[in-house]
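K.L.:
Protein sequences, first through last, are from chains V and H. The numbering of the first sequence is the working numbering, which starts it at 1 and goes up by one. The numbering of the second sequence is the working numbering, which starts it at 1 and goes up by one. Note that beta-carbon positions come from the ideal geometry of N, C-alpha and C, so glycine has one too. These numbers come from a predicted model, not from an experiment. First the structure, then my questions, so here it is.
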Amino acid sequence: MRAATGFAVLTARNLFSGKRAWAALLLAALPPVVAATVAGLGGEKADGTLLFQGIAFFYSLRIMLYLMALIFGIALTSGEIEDGTVGYIYLGSLPKWAIALIQSLVAAAALTALAGLSLLLTAAAAGMAALHPLEAAGATAAKATLVAGVGILVSLTFYTACGLAFKRPLIVGIVATFFWEIVLTALPIRMAAYTVTNNLRALMLPLLFDGDRGRWYRYVRNYDFPAYGEAALFLSVLTGLFLVAAMVAAMNRSVEGKEAN
Amino acid sequence: MILRAERLNKWYGRVIALNDVSLGIEAGITGILGPNGAGKTSLMRIAIGLMRSSSGRIEVLGQDPWNNPALAVRLGYCPEHDGFYEWMTGRDFVTSLARIRGVRDPRAAAEAALERVRLREVADRRVLTYSRGMRQRLKIAQALAHGPELLVLDEPLTGCDPLVRAELIALIKAFPAEGKSVLVSSHVLHEIEQLTPRIVLIHKGRLVAEGDVHEIRDLIDDHPHTVRVATDRPRELAAALAREEGVVEIRFENGSVWVRTDAPDRFYRRLPLLALAERCVLREISSEDDNLEAVFRYLTER
């Protein structure tokens with residue numbers, strides 16, 4: 001337990017050191033800055049509710065969480081080899097599967113907290129708009145954070161599994177995300193119901209949009225949309241599968257990096 | 001026996017890193033000698049469980065090291081290359097690693113290890129600011145902090161100045177008295193020779209010889225050595241070296257003096273004295289692989 005706690009602290013500290021931290025902060029800072037700018041400069045036409053929903057729908061709960069998960073998921077695994085620190089970690093008292101589990105959970109928690117802060121500030125900025133200022137900003141941000149947390153967890157476990165299983169994890173991760181999430185999500189076919197994005201949207205619908213397919217949902221093309229319960233089940237199963245895949249890959253990981261010979 | 005390997009093989013794609021290596025290593029200090037690319041690091045990484053062998057068996061302290069955390073905490077590993085959380089302080093680095101190895105009082109363990117390698121005074125500085133010698137000592141400190149039974153040190157003296165080198169040699173030589181065994185690799189015979197008479201020779205992934213260093217030494221001395229000496233006053237040092245017996249060639253490259261000598265023993269003995277007389281600061285002494293290569297060629301071809 002002592003070693004697990006120590007490793008969780010080390011992982012959290014390592015996550016937010018160096019360039020990766022700046023990249024994450026930049027991604028997280030963008031929504032509140034945009035929301036504040038629009039609310040401030042939009043005058044009487046600035047619609048607070050629409051503004052928050054739009055930013056959450058198109059940026060925070062799609063682009064931001066995937067990029068954060070990609071940066072940190074890959075950094076957690078192949079980054080340790082690049083930094084030459086993987087040997088120190090694997091020579092501890094923790095089994096490799098526990099290391100993969102702790103890394104994934106700590107990173108997901110840290111990124112969810114960052115996403116939560118970003119969404120809260122965005123909601124606060126949207127609350128200052130002249131037209132339909134966002135009400136109950138804290139509660140709305142909390143609901144959006146819940147969706148973000150689920151998205152981060154499933155994406156991060158996927159990228160972590162990629163990082164542990166493949167020699168070129170970044171390419172595998174990006175290609176898989178592009179074809180599965182970006183292309184398939186946009187197609188009006190049955191398979192589109194099995195993308196992470198559409199399942200996150202299914203969680204968003206009752207939580208952020210009161211179940212009403214409002215203005216922002218007109219851009220969602222696929223006709224077959226999962227229900228809230230189906231989405232929650234699908235994302236949970238997917239997270240579990242990726243996590244198990246990451247743990248199995250970790251157990252089989254032989255460190256043969258640049259120092260290997 | 002602390003390590004036993006039977007028909008150990010390791011391939012990286014089509015490259016053979018270890019080729020049918022069988023050996024047994026007793027407690028105490030054992031040197032693994034071989035030129036760069038010989039397979040020393042591969043053998044060490046397999047021994048500590050960081051890397052899986054392609055085939056064959058290995059036992060360390062009586063156990064299979066692969067996926068064996070209970071064994072991992074009984075080992076201390078000092079990698080050849082620098083790998084640090086550069087943003088940490090030295091103290092923080094050693095404490096954090098002691099903690100993940102399950103040490104009850106990681107702070108006290110880190111303090112003792114830092115004291116041991118004489119890094120306590122700079123322990124609050126960020127690793128980023130550490131010199132090469134400090135980094136080497138920090139790597140040894142983290143390998144020591146959890147009180148391992150076997151220390152695996154991969155080229156721990158590479159790039160160190162003579163003072164640090166002497167300190168580290170004294171430190172490593174003291175471990176057996178505490179009941180610890182040491183496996184130390186190098187591509188420089190003179191380094192290994194100062195640590196232990198027991199050596200294992202590896203070349204191109206094959207075990208070439210194992211046993212007493214003195215027999216190998218006689219072979220080595222028959223071949224000229226090339227040594228690179230980094231100093232603040234290369235011309236003055238070169239002038240002094242040119243007057244020395246056994247120095248057959250001197251050249252300058254990238255601010256360093258490259259010396260070819262057919263009397264390496266005498267050279268290594270005289271170098272600090274000459275540096276002192278000429279008031280030169282010796283920054284680094286490194287030996288090329290060519291010296292060993294010639295001997296290995298002889299050993300493998302005979």
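Can the beta-carbon of residue 148 (chain V) be found closer than 8 Å to that of residue 60 (chain V)?
P.N.:
Yes, they are a contact pair.
K.L.:
Could you list which residues in chain H have their beta carbon closer than 7 Å to that of residue 7 (chain V), in chain order?
P.N.:
Correct list: 100.
K.L.:
Can the beta-carbon of residue 73 (chain H) be found closer than 8 Å to that of residue 101 (chain H)?
P.N.:
For residue 73 (chain H) and residue 101 (chain H), yes; Cβs fall inside 8 Å.
K.L.:
Considering only residues of the region 66–92 of chain V, which uninterrupted alpha helix (DSSP H) runs meet the minimum length of 4 residues and lie entirely inside it, listed in chain order?
P.N.:
Whole alpha helix (DSSP H) segments, 4+ residues: 86–90.
K.L.:
Please report the Cβ distance between residue 211 (chain H) and residue 143 (chain H), rounded to the nearest whole angstrom; I am assuming they are in contact, meaning their Cβ atoms lie under 8 Å.
P.N.:
At roughly 27 Å, the Cβ-Cβ gap does not stay under 8 Å, so residue 211 (chain H) and residue 143 (chain H) are not in contact.
K.L.:
In whole angstroms, give me the CA-to-CA distance for residue 133 (chain H) and residue 246 (chain H).
P.N.:
Computed Cα separation, rounded: 30 Å.
K.L.:
By the criterion of Cβ-Cβ separation under 7 Å, what are the contact partners of residue 96 (chain V) in chain H?
P.N.:
What residue 96 (chain V) touches in chain H: 67.
K.L.:
Run through DSSP, which three-state label would residue 132 (chain V) get?
P.N.:
Coil.
K.L.:
Pick out the complete alpha helix (DSSP H) segments inside the region 80–125 of chain H, 4 residues or longer, and give them in chain order.
P.N.:
Correct list: 90–100 and 106–116.
K.L.:
Between residue 45 (chain H) and chain V, is any beta-carbon pair separated by less than 8 Å?
P.N.:
By this cut-off, residue 45 (chain H) is an interface position.
K.L.:
Say whether the region 88–100 of chain V touches the region 115–135 of chain V, bearing in mind that this needs 3 or more beta-carbon pairs closer than 8 Å, one atom from each stretch.
P.N.:
Output reads no: the region 115–135 of chain V does not touch the region 88–100 of chain V.
K.L.:
Leaving aside the five residues before and after residue 260 (chain H) along the sequence, list all residues of the same chain whose C-beta is less than 6 Å from its C-beta, in chain order.
P.N.:
Cβ within range, chain order: 224, 226, 248 and 249.
K.L.:
Please name the residue in V:158, V:26 and V:227 whose C-alpha comes closest to that of residue 73 (chain V).
P.N.:
Cα-wise, what sits closest to residue 73 (chain V) is V:158.
K.L.:
For the region 123–138 of chain H, enumerate the residues whose C-beta is nearer than 8 Å to any C-beta of chain V, in chain order.
P.N.:
Listed by position, the residues of the region 123–138 of chain H near chain V (Cβ gap below 8 Å) amount to none.
K.L.:
Between which two residues does the beta strand (DSSP E) containing residue 300 (chain V) stretch?
P.N.:
This structure cannot settle anything about residue 300 (chain V), because the visible part of chain V is limited to 1 through 261.
K.L.:
For my contact list, residue 104 (chain V) and residue 246 (chain V) are in at a C-beta cut-off of 8 Å; report their separation, rounded to the angstrom.
P.N.:
The pair is a contact, with the Cβ atoms about 6 Å apart (cut-off 8 Å).
K.L.:
Using only alpha-carbon positions, find the residue among V:167, V:187, V:183 and V:65 that is nearest to residue 13 (chain H).
P.N.:
The shortest Cα separation from residue 13 (chain H) among V:167, V:187, V:183 and V:65 belongs to V:167.
K.L.:
Under 8 Å Cβ-Cβ, which residues of chain H neighbour residue 262 (chain V)?
P.N.:
Within the shown structure, residues of chain V are numbered from 1 to 261, placing residue 262 (chain V) beyond reach of any answer.
K.L.:
What residue range does the beta strand (DSSP E) around residue 252 (chain H) cover?
P.N.:
Here the beta strand (DSSP E) through residue 252 (chain H) covers 247–253.
K.L.:
On the DSSP letters alone, give me the boundaries of the beta strand (DSSP E) that residue 40 (chain H) sits inside.
P.N.:
First-last for residue 40 (chain H): 40–48, but that is the alpha helix (DSSP H), not the beta strand (DSSP E).
K.L.:
Does the Cβ-Cβ distance between residue 42 (chain V) and residue 129 (chain V) come in under 8 Å?
P.N.:
Cβ distance < 8 Å, so residue 42 (chain V) and residue 129 (chain V) count as in contact.
K.L.:
According to a CB-to-CB cut-off of less than 7 Å, which residues of the region 50–63 of chain H neighbour chain V?
P.N.:
Cβ contacts with chain V: 50, 51 and 52.
K.L.:
With a floor of 3 residues, list each beta strand (DSSP E) that falls wholly inside the region 132–215 of chain H, ordered by position along the chain.
P.N.:
Counting only runs of 3 or more, we get 150–154, 181–186, 198–203 and 206–212.
K.L.:
Could you name the residues of the region 154–186 of chain H whose beta carbon sits closer than 7 Å to any beta carbon of chain V, in the order they occur along the chain?
P.N.:
So the list is empty, because no residue satisfies the distance condition.
K.L.:
Closer than 8 Å by beta-carbon distance: list the chain V residues that pair up with residue 97 (chain H), in chain order.
P.N.:
Near residue 97 (chain H) (Cβ distances below 8 Å), the residues of chain V are 88 and 92.
K.L.:
Just the chain C side, please: which residues come within less than 9 Å of residue 87 (chain H) by C-beta, in chain order?
P.N.:
The question asks about chain C, but that chain is absent: this structure's protein chains are V and H.
K.L.:
Specify, as a first and last residue, the run of the alpha helix (DSSP H) that residue 31 (chain H) falls within.
P.N.:
Per DSSP, residue 31 (chain H) belongs to no alpha helix (DSSP H); it is in the beta strand (DSSP E), 29–33.
K.L.:
Near residue 229 (chain H), what residues of its chain come up, given a Cβ to Cβ distance below 6 Å and the 5 sequence neighbours on each side ignored?
P.N.:
Excluding residues within five positions, the ones whose Cβ falls inside 6 Å are 257 and 285.
K.L.:
Exposed or buried, what is residue 64 (chain H) when buried is set at 16 or more other beta-carbons lying within 10 Å of its beta-carbon?
P.N.:
When all chains shown are included, residue 64 (chain H) counts as exposed.
K.L.:
If you draw a straight line from the alpha carbon of residue 51 (chain H) to that of residue 254 (chain V), how long is it in whole angstroms?
P.N.:
Distance between the alpha carbons of residue 51 (chain H) and residue 254 (chain V) is about 4 Å.
K.L.:
Among all the DSSP beta bridges, which residues are the ones paired with residue 330 (chain H)?
P.N.:
The structure shown has nothing for residue 330 (chain H), since chain H only spans 1 to 302.
K.L.:
Do residue 5 (chain H) and residue 39 (chain H) have their beta-carbon atoms positioned less than 8 Å apart in this structure?
P.N.:
Contact: no.
K.L.:
Who does residue 23 (chain H) pair with in a DSSP beta bridge?
P.N.:
Paired residues: H:5.
K.L.:
In this structure, does DSSP put residue 261 (chain H) in helix, strand or coil?
P.N.:
Residue state, collapsed to three classes: strand.
K.L.:
Check the Cβ-Cβ distances between residue 72 (chain V) and every residue of chain H, and say whether any is below 8 Å.
P.N.:
No, its Cβ sits nowhere closer than 8 Å to a Cβ of chain H.
K.L.:
Do residue 49 (chain H) and residue 9 (chain H) have their C-beta atoms within less than 8 Å of each other?
P.N.:
Cβ distance not < 8 Å, so residue 49 (chain H) and residue 9 (chain H) don't count as in contact.
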